[in-house]
Each structure stands twice: as C-alpha cells, then as structure tokens.
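What follows is a single structure, written as structure tokens, with notes after it.
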Amino acid sequence: MRRQSYLPILDWGRKYNRQTLTSDVLAAVIVTIMLIPQSLAYALLAGLPPEVGLYASILPLIAYAIFGTSSALAVGPVAVISLMTATAVGRVATEGTADYASAAIILALMSGAMLTLMGLLRLGFLANFLSHPVISGFITASGLIIATSQLGGLLGISTSGHALPGLFSSIASNIGAINLYTLGIGALSLGLLLWIRFDLKKWLKRLHVPKGVANVIVRAGPVFVVFLTMALSVIFDLGAKGVALVGDVPQGLPMLSLPSVSLDTVQQLLVPALIISIVGFVETISVAQTLAAKRRERISPNQELIGLGMANVAAGIGGGYPVTGGFARSVVNFDAGAATPAAGAFTAIGIALATLLLTPFLAVLPKATLAATIVIAVLTLVDFSVFKRAWAYSKADFAAVAITLIGTLLLGVETGIALGVGTSILIFLYRSSKPHAAVVGQVPGTEHFRNIKRHTVETHPEILSIRVDESLYFANARFLEDLVTDQVAGNDRVKHVVLMCSAVNFIDLSALESLEAIQHRLDTQGVKLHLSEVKGPVMDKLKSTDFLRDLSGKVFLSQHQAVSALRS
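Each residue of the sequence shown is one higher than the one before, starting from 269 at the first, in this note's numbering.
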C-alpha cells in the first residue's frame, strides 16, 4: 500500500496553499471557542479533572490531522464517550484518585490500539453490527442519562450512578440539601445557553449583523456565559456560599508519559474499550461520511479506524481519555469552511494556548455552568421521532430501538448496547430463517417470472417453479426443505421442481445438505430437481461437491430457458 494510504497528510499536504490555510485557521478559531467549555464540561462528566478535557483536545487533533481522511471531522471529547468512560473506569477505581485518571488513560490507549489494529486488518465492516435503530436508541438513552446526571451539579447536591434508577435514587436522597445559589447559577446558565442557541441569531439578524459575524457570536456564546458566571462567582463570593467551583487547574501543557499498567485493570477494561471503540467509530464514520457527501469527497472507513485509533493513542500519551468525532463541532467546523484536516491541528494549537493562558482564571468557574453546558449539548442527542418511524415501518426495528433504550436507561450504557446488538442479531437470524420464497409463473408475452399471488401469470401443472429470495445457510435450510415438501405433497401432476436462485449469493454446508435431502426426497417420488439462474461464485462451490453429479435434473442459465426446455 502506498504511504499516502496510511498517511493522508502526504496527499493533501502537497496541495496546501494560502487559501486553504486561511480557511483552516478561521474554522479553527471558531471551533476552539466552542471546544473550550465543552472540553471542561465533558471531562467532569467522565469523572475527571476539567483540565483533562483540554488535554484530550490537543494531541488527538494533531494525530487525526496526520492519519485521518475527513476534511471537516473534529475529534475530541464527546458526551456519550465521556459517560461510557465514567461507567467503565468507575468499576476499577474511585473517582478523584490517581488510579482513576490512570485507568482513563489506559482505556484511551487500549481503544486506540484496538481501532488501529482493526484499521490495519481492514475490519471496518464490524461497525455494521450496530444497526441504526440500535444506535438511535442508545444515543437517545445516553442523552437522557447524561442530562439526569447533571441535575446534581445544577442543584448543588451529590449524585451517583450511571443509569436512571441509581441517579433518581441519589437525587431523591439528597434533594433536601439543594444549594439555592447553585440553583440560581445553574438556572441562569441554562436560560442564557438556551437563548443563545435558539434566539440570539434572530436578534442579531434584526440588528442587521452580517451572517458570518453573527455565527461567530453565537458559537462564542457559551464562552460568554462562562465569563459571566465567573464574574458573578467573584463578585458574590459564591464559593463561600457553598457553590461548587472548578478550583485550581494546573497551568501548562500535559507531560507526555504512560501510566503503570496493571494486567488486572487491562482485563477489566477490555470489553468496555472494545464497546467504546466501536461506538466511537460508528459516530465518527457517520459524521465524516455525511459531511464528505456534501463536498463530494471520499472517506476511507478503514483509514478512519487508523486515524481515530491514533487520536486515542495520542490522547493516552497526552494525559487525556477516549475521544471520537463530535457531530456538533464537526458541523461547526464544516460550516466555518475547514478545507483540510489541518484545521484540527490549528484547533489543537488554540486549545494549547488556552491551557497555558486561561487555566488560572478557571478556579472560580461554578461547576453548575459546566453542568448546564452539558445539558444543552446533549439536547441534540435525544430523538424520540425514531420510535414513530420504526413503529410505522418495522415492528422488529421498533423492538430493537425500545430494548436498547430501556436497557440503557435501566441497566447502563454497556448492558444497553449489548442488548441492542443482541436483539438486532436475533431479529436478523429470525428474518433470514424464514426467507421470502414464492411460487412463480411466467408473465404472458415476456421472459419474466413473478409471484403467482401478486401477478397474472402462466403456470404449467407438471412444473413447480420456486424463487428463493435469500442466501441459503444453516438458519433457513430446513425452511426450504419444508417449503418444497409442502408444495409437492398431494400434487401428483408435478414432475419437475425448479429452484430459481437469482437471489442466492451463497450456500453453506448445512444448506447444501438440505438440497441433497430435497433431491433425494423428490427422486423417490419420481420428481426431478432443477436449478436456474445460479450465480457464478455459488456454481463454483457446487462444482466442488457431488451434488451436481447426483442431481436428477439440470442447471439452467435462466428460468425461461428451464420452463421452455421442460415443457417440450
């Protein structure tokens, strides 16, 4: 493979010019403004010190700029992965300890290694096992859990748990300890952030502010809320009134290092790391492909695995925690005109400067402001419309959405997504175990054959034509046996059975044995078995067996040819 395949930067870097530099820098400025409060908030959601969120927004962006293929994807901490990190790491260490931070770093390194290995082995197809209904149910449930988990920060009470029962229980137990000053700051932050998101742009438009300037002001709105609540914290000495503040944040860039690794910790984090890797990749590739389609660009899923994997390795080396491509900030990056992955590298420089210059001022920032930032950010994750669409289109897909959502809400993120994946696989096996198959006849005046129950067709009493609309494997092999037996039973006029195999892409050993059983059963009844429209790869497999040699009938190129020959 060419070096450019593994290092896309060698491709787009050769074409880099002043125009793309200007576009990337402008996009980076806007994303940096948006990312600073989000990074701080998501780190707290993960149970980590706020500066860890900044650390996770520096080296990963640079790594993705080197290895990633999307010109607009912005990687970094996101809400769902932060929640999954808190759930996973909380099982192996106590929040607030050095072991907790080390476990989060190990989780990032393990996720990075898994993603990179999957990319090198070209295993991007594994993401297909997370169906859209499962992802929709999981993300909606995660958004609800995240929003509920932040009620403690908005009310000034302690909460615990990573599923709704535990969260509601802890909220109910501590509801009497609400801090009114915290509640005031939280309500103010929520109100301002909602107004900024939904109404500020309309106000600016009425004031005839240029659209580009208005977009920058709206994106910078959360930073304004941060500065305002910091000012209120100092003026009213909110820390002395029981309002939880961020506290001292180490100034400077993270030290490049690796934590001591315990085999027991690695074993406990193995499954969570795999789930985080797959969920993160699905979110990343979905965002990247959506934005790439708007520019008619091409995304390489396997290279995206490598890009995201190296971003997570960089997060671990730089003292961060697992990262992925964020939808909201990627859209902002796209709308701001990011032309190449270099926009992410420039964003990393902006975050690094913020880490060097702004952290001393963050000590007085109320945590309620960050809780409000998280609540507003996850509003876009909650989408109940998928239930209506799934119910109207497919009850089985509705079941997958419902089981995933309920399982995640009640049992936690890892159990919920495992239930969703298991449900999707069971639904697939059930559907494919009862494949659609139809007795077909010839449309008059044509060479086409259609279902006798849906079309007016010509049939011949001595010929039974069955179209199989599914590949044949162990789960549905018996179904085909029963179908042929039922159609032939009691019909003495049938002399030929033709299996129309135009939709059969493979036949496994179990299905081959079923075909042999059908052949033997029909032969004892004086009925010949024929095949038609067998695909080349399937035919190659059959030729390596004794089935064709023992076949009582023939293999025809087309169904029309089969019926014409057998009629004569």
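Quick reminder that beta carbons are idealized off the backbone N, C-alpha and C, glycines included. Model, not experiment: these values are computed from the prediction.
When the Cα atoms are used, what is the spatial distance from residue i to residue j?
i, j, result
"Thr558", "Leu751", "43 Å"
"Leu537", "Gly690", "21 Å"
"Arg270", "Asp279", "Unreliable placement is indicated for Arg270, whose pLDDT of 48 sits below 50; no coordinate value is reported for it."
"Pro396", "Glu551", "The question names Pro, yet the displayed sequence has Asn at residue 396. Going by the C-alpha atoms only, they are around 12 Å apart."
"Ser530", "Lys656", "47 Å"
"Ala445", "Gly420", "10 Å"
"Leu842", "Tyr589", "Nothing can be reported for residue 842: it is not among the residues displayed for the chain, which extend from 269 to 836."
"Val320", "Ile326", "10 Å"
"Ala686", "Met352", "13 Å"
"Asn285", "Glu572", "24 Å"
"Leu633", "Val517", "11 Å"
"Ile443", "Ile464", "29 Å"
"Asp818", "Phe824", "16 Å"
"Ala794", "Glu749", "Per the sequence shown, residue 794 should be read as Gly rather than Ala. Going by the C-alpha atoms only, they are around 17 Å apart."
"Gly675", "Pro478", "47 Å"
"Asp760", "His716", "26 Å"
Tell me, to the nearest whole angstrom, how far the beta carbon of residue i is from that of residue j; I am working on the premise that it is less than 8 Å.
i, j, result
"Val646", "Gly411", "4 Å"
"Val707", "Ile720", "5 Å"
"Ala670", "Gly405", "7 Å"
"Lys469", "Val486", "5 Å"
"Ser782", "Glu801", "No, Ser782 and Glu801 are not in contact; Cβ-Cβ is about 19 Å, not under 8 Å."
"Ser457", "Thr416", "Incorrect: roughly 17 Å between the Cβ atoms, too far for contact."
"Ala618", "Ala296", "Per the sequence shown, residue 618 should be read as Gly rather than Ala. So it is a contact: roughly 6 Å between Cβ atoms."
"Ile301", "Ala512", "With a Cβ gap of about 25 Å, Ile301 and Ala512 do not count as contacting."
"Tyr449", "Leu521", "Actually they are not in contact, since the Cβ atoms of Tyr449 and Leu521 sit about 34 Å apart, beyond 8 Å."
"Pro609", "Gly336", "5 Å"
"Leu626", "Ile407", "Leu626 to Ile407, Cβ: 31 Å. No contact."
"Ala409", "Thr672", "7 Å"
"Leu394", "Ile546", "7 Å"
"Pro401", "Ala668", "4 Å"
"Val493", "Thr637", "6 Å"
Relative to the C-alpha of residue i, which residue among the options is closest?
i, options, result
"Leu587", "Pro317, Ile334, Val772, Asp467", "The question names Leu, yet the displayed sequence has Gly at residue 587. It is Pro317 whose Cα lies nearest to the Cα of Gly587."
"Ile693", "Leu341, Leu524, Arg286, Ala743", "Ala743"
"Gly815", "Ser836, Gln787, Ala830", "For the sequence presented, residue 815 should be read as Phe rather than Gly. Measuring from the Cα of Phe815, the nearest candidate turns out to be Gln787."
"Lys803", "Gly794, Arg722, Val772, Leu790", "Val772"
"His723", "Ala324, Pro712, Ser307, Ala583", "Pro712"
"Pro703", "Ile734, Glu715, Leu673", "Ile734"
"Ile731", "Ala705, Gln793, Leu797", "Leu797"
"Ile553", "Thr365, Asp603, Gly392", "Gly392"
"Ile585", "Ile443, Pro328, Asp505", "Pro328"
"Ile277", "Tyr661, Tyr310, Ser338", "Ser338"
"Leu389", "Ala664, Arg699, Ile574, Ala607", "Ile574"
"Gly821", "Ala779, His828, His764", "His764"
"Ala438", "Ser426, Tyr449, Val343, Asn447", "The identity of residue 438 in the sequence shown is Ser, whereas the question assumes Ala. Minimum Cα distance to Ser438 is reached at Ser426."
"Asn570", "Gly281, Ala556, Ser700, Gly452", "Ala556"
"Lys635", "Gly758, Thr290, Tyr310, Leu819", "Tyr310"
"Ile775", "Val756, Leu810, Thr753", "Leu810"
"Ala616", "Leu312, Ala324, Arg282", "Ala324"
"Leu740", "Phe595, Ser778, Ser832, Val502", "Ser778"
"Val514", "Leu312, Val823, Glu565, Gly281", "Leu312"
"Val346", "Leu308, His728, Ile403, Ala607", "Leu308"
"Val766", "Gly758, Leu834, Ser700", "Leu834"
"Thr813", "Glu784, Gln829, Ala830, Arg282", "Glu784"
"Ser832", "Asp367, Leu621, Arg746, Gly709", "Gly709"
"Tyr698", "Pro729, Ala613, Thr714, Glu738", "Glu738"
"Val211", "Gln829, Pro729, Ala613, Phe595", "The first residue shown for the chain is 269 and the last is 836, placing residue 211 beyond what the model contains."
"Asp754", "Ala705, His728, Leu780, Arg718", "Ala705"
Just to confirm, is the Cβ distance from residue i to residue j under 8 Å?
i, j, result
"Asp808", "Ala611", "no"
"Ala541", "Ser350", "no"
"Leu461", "Thr641", "yes"
"Val806", "Cys769", "yes"
"Ala371", "Ala361", "yes"
"Val343", "Val591", "yes"
"Leu383", "Phe549", "yes"
"Val491", "Ile304", "yes"
"Leu375", "Gly593", "no"
"Val756", "Leu790", "yes"
"Gly452", "Ala639", "no"
"Phe666", "Ala658", "yes"
"Asn447", "Gly510", "yes"
"Ile695", "Pro527", "no"
"Leu560", "Thr288", "Contrary to the premise, residue 560 reads as Ala rather than Leu in this sequence. Their beta carbons are not under 8 Å apart, which means Ala560 does not touch Thr288 by this criterion."
Does the CB of residue i have a neighbour CB from chain D at under 8 Å?
i, result
"Gly586", "Among the chains of the structure shown, chain D does not appear; only one protein chain is present."
Say whether the segment 595–612 touches the segment 352–362, bearing in mind that this needs 3 or more beta-carbon pairs closer than 8 Å, one atom from each stretch.
With a cut-off of 8 Å, the segment 352–362 and the segment 595–612 do not count as touching, because too few Cβ pairs lie within range.
Should the segment 573–592 be regarded as contacting the segment 328–345, the criterion being three or more beta carbon pairs within less than 8 Å?
A contact exists between the segment 573–592 and the segment 328–345.
Could you tell me whether the segment 419–438 touches the segment 674–684, where touching means 3 or more Cβ pairs closer than 8 Å?
yes
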